[in-house]
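Q:
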Amino acid sequence: MRRNQVAVVGAAETTELGVIPNMSQIQLHADAALNAIADAGLKLSDIDGFATAVETPQQMAHYLGITPTWVDGTSVGGCSFMLHVRHAAAAIEAGLCNTVLITHAESGKSMIGKQPRFTAPDSLNGQFESPFGVYGPPSMFPIPVLRFMKTHGITHEQLAMVAVVQREWAAKNPRATMKDPITVADVLNSRMIAYPFRLLQCCLVTDGGGALILTSAERAKDFPQKPVYILGTGESVETPMVSQMKTFDSSRAFKVAGPLAFKEAGITHKDVDHLMIYDAFAHLPLYGLGDLGFMPHEETGKFIADGNTRPGGKLPLNTNGGGLSYMHSGMYGMYALQESVRQMRGIAPAQVPNAKISVCHGVGGMFAASGTIIFTNEK
Amino acid sequence: MAEPARAKPKPTPETQHFWDGTKAGELRLQRCDACANVYFPPRPFCPSCASRKVSVFKASGKGKLYSYVINHRPAAPGFTPPYAIAIVELDEGPRMMSNIIDCPQTPEALELDMPLEVAFEALDDKITLPLFRPAKG
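Quick mapping for you: the protein sequence lines, in order, are chains P and V. To convert a position in the first sequence, counted from 1, into my numbering, add 5. To convert a position in the second sequence, counted from 1, into my numbering, add 558.
1) Which residues in chain P sit within 9 Å of P569/V, going by Cβ to Cβ distance?
2) I'd like the list of long-range same chain contacts for F253/P, defined as Cβ closer than 7 Å, with 5 residues on each side in sequence excluded.
3) Given H89/P, which residues of its chain have a CB within under 7 Å of its CB, disregarding the five upstream and five downstream residues?
4) Whole angstroms are fine: how far does the CA of A93/P sit from the CA of T104/P?
5) When you compare each of G619/V, P571/V, A582/V to R653/V by their alpha carbons, which one comes out closest?
6) Assuming A165/P is part of the beta strand (DSSP E), what are its boundary residues?
7) Output the distance between the C-alpha atoms of K260/P and I159/P, rounded to the nearest integer angstrom.
8) Note the first and the last residue of the continuous beta strand (DSSP E) segment covering T686/V.
9) Could you check which residue in V11/P, D36/P, P264/P has the C-alpha nearest to that of E18/P?
10) Checking contacts by CB at 7 Å: is I148/P closer than that to chain A?
11) So that I know if they touch, is there some Cβ in chain P lying closer than 7 Å to that of I659/V?
12) Tell me the residue span of the beta strand (DSSP E) that contains P673/V.
13) For G52/P, which residues of its own chain have a beta-carbon under 6 Å away from its beta-carbon, when the five flanking residues on both sides are left out?
14) Hey, would you say A38/P sits closer than 7 Å to A225/P, going by beta carbons?
15) Suppose contacts are defined by Cβ-Cβ distances below 7 Å. Is G306/P in contact with C208/P by that definition?
16) Identify which residue in N178/P, V170/P, I198/P, W174/P has its Cα closest to the Cα of V189/P.
17) Is A258/P close to chain V, meaning its C-beta is less than 7 Å from at least one C-beta of that chain?
18) I107/P lies in the beta strand (DSSP E); which residues open and close that run?
19) Excluding the 5 residues flanking L193/P on each side, which residues of the same chain have their C-beta closer than 6 Å to its C-beta?
20) Note down, in chain order, every chain V residue with its Cβ under 7 Å from the Cβ of L151/P.
21) Confirm, please, whether the CB-CB distance from A310/P to Q132/P is below 7 Å.
22) Look up M2/P in the DSSP assignment and say whether it is helix, strand or coil.
23) Going straight from the alpha carbon of S29/P to that of M116/P, what length do you get?
24) Counting only beta-carbon atoms, is H575/V nearer than 7 Å to chain P?
25) Got a sec, what are the start and stop residues for the alpha helix (DSSP H) Y292/P sits in?
26) Where D191/P and R315/P are concerned, what is the direct C-alpha to C-alpha distance, given to the nearest angstrom?
27) Does the beta carbon of K114/P sit closer than 7 Å to a beta carbon anywhere in chain V?
28) Per DSSP, A374/P forms a beta bridge with which residues?
29) For I187/P, which of L205/P, I235/P, P290/P, F286/P has the nearest alpha-carbon?
30) Could you tell me the boundaries of the alpha helix (DSSP H) in which V261/P lies?
31) Per the DSSP calculation, C207/P is bridged to which residue(s)?
32) Quick one: does A565/V have its CB under 7 Å from some CB of chain P?
33) For F637/V, which residues in chain P fall below 7 Å Cβ to Cβ?
34) Quick one: using the 10 Å Cβ neighbour count with 16 as the cut-off for buried, is R196/P buried or exposed?
35) Looking only at its chain, what residues have a beta carbon closer than 6 Å to the beta carbon of K251/P, apart from the 5 residues adjacent to it on each side?
36) Given this structure, state the Cα-to-Cα distance separating Y624/V from L670/V, to the nearest angstrom.
Okay, structure coming up:
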């Protein structure tokens, strides 16, 4: 895809984040969508392309009163929205539509109007994973981490530092769910969830949503907000069964999507001013730093423990507080994208001074899928 | 009311041979006749070279502990926490999820790369699960 041909011209989250017992899941989508429309200075009738995940495009388009000429219902887990951005950019460039709305929302905590997840007993997951006691992401996502730690020499304390550093970022963010400082000891003494991970190494469970609006870079300059351009993109999938990943030392989906985006953007790792790596659990930033090529996996634990990703560090990472401390409604990718857009607009609560390039990397399922978007505010 | 039971697999035409195998006390894998790739989970073609000429064979039942979690909460129906959810790397190459029996469910007892051997546990007259225990000797 050609660089900087498409831009984000509208971006917003739901009015509230956290516990929202007075809204169903589809209304959370609508709340985020209406906020993004207002942010872009548009009307819903201006939208001719629509993408969403979990909820179907037909459900949400009808609820919102949109008549799209292009839809994308790619639903590969929490990074679905990175893939939507990539697909939308291609669709806009191909002339299939002009103005795309992407929505995400989940009533992840209050569970209002949200269908429960179900694994059919005759699916491959139902036959070869469910009988052995996996029960929700906390029992599945950390399964590779002991092997990752042994192979790369990563310590429990380093994995605790991921949560500590992200709480430092969250403390700067008025909308973060958890803002009180924590220590390595706090993390390692918190309630055991699925060894080796404890409560403070697992993402929050909240309600909320977000929406993005994309259009051509040519049109973008006429919008009220500073345009944020799509510089590079990548995507891939591996397997819905965590047991069947090619290796636990790294993620194949990450290793395909990340480098694709860097190549497309034509940048090196030194050019990156701001980084988001979807952190459903504390090991994901380590996989991401290694698989995206920032450094060998062996160095990732020390890199974070030494403070390189904290406020004032040389590689600001997960500056909203991440899924561990900001919010996590179930499919966090949209919130990572929102933070990258805020950083590129220069309006983030913990703004990285003069940031010009932001890399936003997402995961779907338990390393099942991946999407990477590289943004810039310079054309 | 009956106690909640552990999730029970329901075989499909492509996986029936595997579940027939566990019921007969055999761990059955598939090998590609064209490229010799051994793979899991079951399917009637080779995911490496796409050949439809594949054979079912009885695996050794031996492997090693590749990775695991010890799940505390939330616990799956039919499980009493804490319990380990393990990934076993079979000597033939493929990996599969399972549980480790006859072994304390602790980080001290569950050492990565420890040798394991298959054990079979019948859930009912149709389904038997392949579990693993520390290898003897």
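Ideal Cβ placement from N, Cα and C applies to all residues, glycine included. Nothing here was measured: the structure is a model prediction, and the numbers come from that model.
A: Quick answer:
1) Those are D127, Q132, listed as they occur along chain P.
2) These residues qualify, in order along the chain: P149, R152, F153.
3) A distance below 7 Å between beta-carbons, with the five flanking residues on each side excluded, links H89/P to the following residues of its chain, in chain order: A56, D77, T79, I107.
4) So the two alpha carbons sit approximately 9 Å from each other.
5) If you compare the alpha carbons of G619/V, P571/V, A582/V with that of R653/V, the shortest gap goes to G619/V.
6) For A165/P, no beta strand (DSSP E) encloses it; the enclosing alpha helix (DSSP H) starts and ends at 161-175.
7) Near 20 Å, if we compare the C-alpha coordinates of I159/P and K260/P.
8) Counted as a single uninterrupted DSSP element, the beta strand (DSSP E) harbouring T686/V occupies residues 686-692.
9) Looking only at V11/P, D36/P, P264/P, the smallest Cα-Cα distance to E18/P is reached by D36/P.
10) Given the protein chain composition of this structure (P and V), no chain A is represented.
11) For I659/V, not one C-beta of chain P is nearer than 7 Å to its own C-beta.
12) According to the DSSP assignment, P673/V belongs to the beta strand (DSSP E) that extends over 673-680.
13) According to the sequence displayed, residue 52/P carries Ile and not Gly. So the qualifying residues of the chain are I71, T104, L106.
14) No. Outside cutoff.
15) Not a contact, by the Cβ cut-off of 7 Å.
16) For the residues N178/P, V170/P, I198/P, W174/P, the minimum Cα distance to V189/P belongs to V170/P.
17) Answer no: the Cβ-Cβ gap between A258/P and chain V never drops below 7 Å.
18) Looking at the DSSP string, the run of the beta strand (DSSP E) that includes I107/P is 104-112.
19) Taken in chain order, the residues that qualify are A165.
20) For L151/P, the residues of chain V that pass the 7 Å Cβ criterion are S625, Y626, L670, in the order they occur in the chain.
21) Taking 7 Å as the cut-off, the beta carbon of Q132/P is found no closer than this to the beta carbon of A310/P.
22) The structure shown does not extend to residue 2/P, since chain P is modelled only from 6 through 384, so no value can be given for it.
23) Cα to Cα, S29/P sits roughly 8 Å from M116/P.
24) Under the 7 Å criterion on CB atoms, H575/V is classed as non-interfacial with respect to chain P.
25) Per DSSP, Y292/P belongs to the alpha helix (DSSP H) from 289-296.
26) Straight-line measurement puts the Cα of R315/P at about 18 Å from the Cα of D191/P.
27) Interface flag for K114/P against chain V is unset, since no Cβ pair is found closer than 7 Å.
28) BP columns for A374/P point to V242/P, G369/P.
29) When only C-alpha atoms are compared, the closest one is L205/P.
30) Unbroken alpha helix (DSSP H) run through V261/P: 257-270.
31) Its beta-bridge partners are F286/P.
32) Output row for A565/V: interface = yes.
33) Within 7 Å Cβ-Cβ: G138.
34) With fewer than 16 Cβ atoms within 10 Å of its Cβ, R196/P is classed as exposed.
35) R257, listed in sequence order.
36) Those two C-alpha atoms are separated by around 6 Å.
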